[in-house]
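Numbering (the working numbering), first residue to last: 2 to 648.
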Amino acid sequence: MADRVNIANADVYGLSVELGLEKTQYNAKIYQPIGANGDFVSLSGHYNENRNFNYNGPNLATATGFCDAAKTQVCGNDVETSPFGWGVDFDRTYTAPTVRPGQADNDSNGANYWGLRINPSNTGNIRGNSRFTLRDGLTLTVDPSFQYTLANGGSGQTVLSETDLLLRGSKGTGGVDLNGDGDTLDRVRVHTPSVTNTHRYGLNSSLIWDLNSNHRLRAAYAWDWGRHRQTGNYGFIDFSDPTNPRFVDPFGGRNKDDNRVINLDGYALQARDRKSIASLNQFSVEYRGKFLQEALTVTLGVRAPFFERELNQNCYTQNASSNVICTTEVPNATLANGNVTFAGRNTTATSTTPSAPIQYIKPFQRTVKYDAVLPNIGATYRFDGGHSVFASYSESLSAPRTDSLYSVTRFADGTIGNPTVQPETSKNVDLGYRFTSSTVVAQASVFYNAFDNRIVSTFDPDLDQYVDRNVGSVESTGFEGSVGWQATERLNLYGTVSLLNSELQDDYIYSYSTVNNVRVPNILPTKGKKQVETPEQMFSLRASYKFNDVFSAGIQGKYTGERWVTDVNDLKVDAFTVVDLDARFDFEPLGLKGTYLQFNVINLFDEQYYSTLGTRASGTPGQLGYGRSFAGVGSPRTIMASLRYSF
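Here it is in structure tokens:
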């Protein structure tokens with residue numbers, strides 16, 4: 002089945018523009034039972050193409066105070082919001098750049114024109130599922146998969162001098178006429194996307210042995226292998242309508258030779274150029290047993306994940322940074338530690354510090370590995386009909402994102418690595434109570450999580466990737482509760498509550514500096530601070546009512562508490578509540594089984610809130626780890642209708 006949507010116009014916070022958004026999607030599934038015992042094989046597929054435009058993620062205001070280690074200052078009291086207001090959006094107009102032979106022209110527009118803020122993607126997957134009974138009590142499941150992604154954040158662009166060092170390459174002089182006016186005097190806007198092309202293969206399989214009705218053994222194997230090709234071929238911009246420009250191709254120069262920006266060496270300029278192989282092999286064993294006339298269920302298990310990240314960087318990496326240059330320039334010096342420098346690429350001089358060359362690490366290949374043996378144990382005891390209590394303990398391992406491992410530093414022994422991003426481990430304990438009856442389902446639980454090298458991931462719109470940072474040890478304690486009640490045959494009520502306290506246990510190393518050839522850690526004062534983007538309270542309520550066999554409706558609301566934006570807790574954002582409505586007309590009583598018309602109103606009261614946060618170490622200018630945080634604006638009031646027809 003194919004679904005195609007074309008949106009000619011959109012109205013977002015008062016901005017009406019002709020967007021021409023497109024989405025094309027195909028879905029398919031084949032299911033084949035094998036015998037009458039539940040065995041089967043199935044194959045499903047999905048392919049989707051999106052050609053759309055970004056919403057603006059505004060920068061938040063800077064913090065007004067900084068909490069020092071002794072807590073002698075009051076800070077974080079002012080809930081910061083965007084200084085641009087909630088109507089923030091991309092630029093609506095673009096001033097046509099001049100193109101005049103023999104004159105130095107410059108595209109002076111900003112990078113925020115809406116027509117050059119796109120978000121294209123091609124994604125697809127194939128998923129297999131199967132179940133085979135090998136003999137009585139012995140079952141095999143095999144679930145292979147393949148995923149394909151070609152995507153970029155779409156906003157990459159720069160104004161490039163026609164005599165830029167990248168265009169000169171090894172020649173050192175001269176330039177390239179980018180706008181075709183016959184000279185090399187200009188500064189021309191070009192496309193610099195960060196394109197990711199992923200081929201990912203996976204397999205989940207398990208062998209289940211039911212020794213009898215009360216005892217089961219399960220052995221499982223999971224394999225995941227992904228090839229990530231990350232490029233950034235410079236491409237041109239179509240100025241046929243000079244006040245409404247568009248990228249020639251949404252993926253830059255990747256797909257079209259004639260859309261590539263070529264330097265004097267014949268090299269197609271790249272914003273990045275790397276290949277990564279990420280793999281996981283995981284083995285696990287689990288025992289599940291029932292005792293005391295099936296009142297007690299016990300689960301014992303262990304899993305052993307083996308992660309491997311093969312990194313191939315084809316560009317020069319700025320030392321202790323994620324910045325790269327992909328160039329045919331020839332280094333003018335090789336330092337004793339193996340780093341290189343380039344003529345004309347210096348740090349900014351100050352009144353007290355003379356200009357010094359930026360050090361770059363040559364293109365490299367490295368492999369990192371992470372592995373662990375992780376136990377888990379759980380028990381549930383049922384009593385008096387619908388009552389039960391449960392408890393569990395588990396350990397986990399999370400490897401850093403592949404992208405973050407490319408931000409490397411040259412160590413004193415000459416090796417390279419990323420000292421500030423290590424794998425995260427945790428120990429987790431849960432205790433709870435559950436009650437079930439014909440009309441009520443209720444649950445309450447408390448939990449404790451102890452993290453070591455806690456990883457916080459933040460999307461960086463400039464790099465078009467998530468960036469990891471370790472914030473040291475973190476302890477989280479909390480309570481979660483939920484109640485579902487069928488008040489009448491037609492009325493259902495459901496509510497949840499979540500209370501969480503997540504606190505950093507130590508100051509952590511934010512970065513390193515070199516002083517007199519000695520590597521010195523820069524310590525961020527975070528001990529006792531709350532974890533970023535983690536609300537301490539969340540509540541939700543939902544009520545649904547079935548008026549008759551045709552019409553039903555529901556209303557729900559969710560409250561999310563304040564969230565800290567920075568590790569040192571000098572910036573936070575407001576709590577918010579979002580209310581949604583839904584209604585459905587079911588046509589099954591009219592003879593159309595599986596067919597219905599549904600209406601949804603998202604954010605009924607048009608609440609203004611931030612859905613996502615770009616967290617930073619600090620929001621106070623001049624402090625260690627300062628960065629201007631950005632945020633994603635939550636969806637405004639949105640009304641949708643969908644029709645499902647089954648045949």
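By construction, the Cβ of each residue, glycine as well, lies at the ideal position given by its N, Cα and C atoms. Quick caveat: nothing in here was measured; it's all calculated off a predicted structure.
In this structure, the alpha-carbon of threonine 527 lies about 44 Å from that of alanine 269. Secondary-structure assignment with DSSP links cysteine 327 through a beta bridge to Gln271. For glutamine 319 against arginine 275, the beta-carbon gap comes to about 14 Å, at or over 8 Å, which does not count as contact. Counting C-beta atoms within 10 angstroms of its own C-beta, aspartate 607 has fewer than 16 neighbours from the protein chains shown and is therefore classed as exposed. Leucine 218 is bridged by DSSP to Trp210 and Tyr288. Less than 8 Å separates the beta-carbon of glycine 253 from that of asparagine 234. In the structure shown, tryptophan 115 falls within a helical segment according to DSSP collapsed to helix, strand and coil. Here tyrosine 610 is near phenylalanine 577, since their CB atoms are less than 8 Å apart. Of the candidates Ile603, Gln532 and Asp571, the residue whose Cα lies closest to the Cα of lysine 559 is Ile603. Per DSSP, the continuous beta strand (DSSP E) segment holding arginine 52 begins and ends at 40–52. In this structure, threonine 567 sits near threonine 616, with a CB-CB distance shorter than 8 Å. Annotation: the continuous beta strand (DSSP E) that includes arginine 190 extends over 188–192. By the CB criterion at 8 Å, leucine 61 and phenylalanine 540 fall outside the cutoff. A Cβ-Cβ distance of about 4 Å is found for the pair serine 131 and valine 42, placing them in contact under the 8 Å criterion. The beta carbons of glutamate 537 and asparagine 502 sit about 6 Å from each other, so the pair counts as a contact at 8 Å. Only buried fits histidine 192, as 16 or more other CB atoms lie within 10 angstroms of its CB. Between the region 111–124 and the region 148–155, the count of Cβ pairs shorter than 8 Å is three or higher; the stretches touch. Of the other Cβ atoms in all chains shown, 16 or more fall within 10 Å of the Cβ of aspartate 404; this residue is therefore buried. In this structure, phenylalanine 237 sits near asparagine 260, with a CB-CB distance shorter than 8 Å.
The C-beta distance from glutamine 444 to phenylalanine 365 rounds to 51 Å, too long to fall under 8 Å, and the pair is not in contact.
Distance from the CA atom of alanine 112 to the CA atom of tyrosine 95, rounded to whole angstroms, is 10 Å. In this structure, the straight-line span from the alpha carbon of serine 553 to that of asparagine 28 is close to 28 Å. The three-state reading of DSSP puts arginine 247 in strand, counting E and B together. Look at aspartate 258 here: in three-state DSSP terms it is helix.
In the structure shown, the three-state DSSP call for serine 195 is coil. Assignment of serine 277 by DSSP, reduced to helix, strand and coil, places it in the strand class. Taking the CA atoms as reference points, arginine 217 sits about 11 Å from threonine 298. By the Cβ neighbour-count rule, glutamate 589 is exposed, with fewer than 16 other Cβ atoms within 10 Å of its own.
For the options Val442, Phe343 and Asn429, the alpha carbon positioned closest to that of serine 389 is the one of Val442.
Shown here, serine 389 sits in a strand according to DSSP, grouped into three states. One Cα belongs to glutamine 423, the other to glycine 36, and the distance between them is close to 49 Å. For arginine 169, the uninterrupted alpha helix (DSSP H) segment begins and ends at 166–169. By the Cβ rule, the region 276–285 counts as touching the region 207–226, because three or more pairs are nearer than 8 Å. When the beta-carbon positions are compared, serine 477 and tyrosine 407 stay at least 8 Å from each other. Within 10 angstroms of the beta-carbon of alanine 413 lie fewer than 16 other beta-carbons, which makes it exposed. Note that the C-beta distance between glutamine 360 and cysteine 316 is not below 8 Å.
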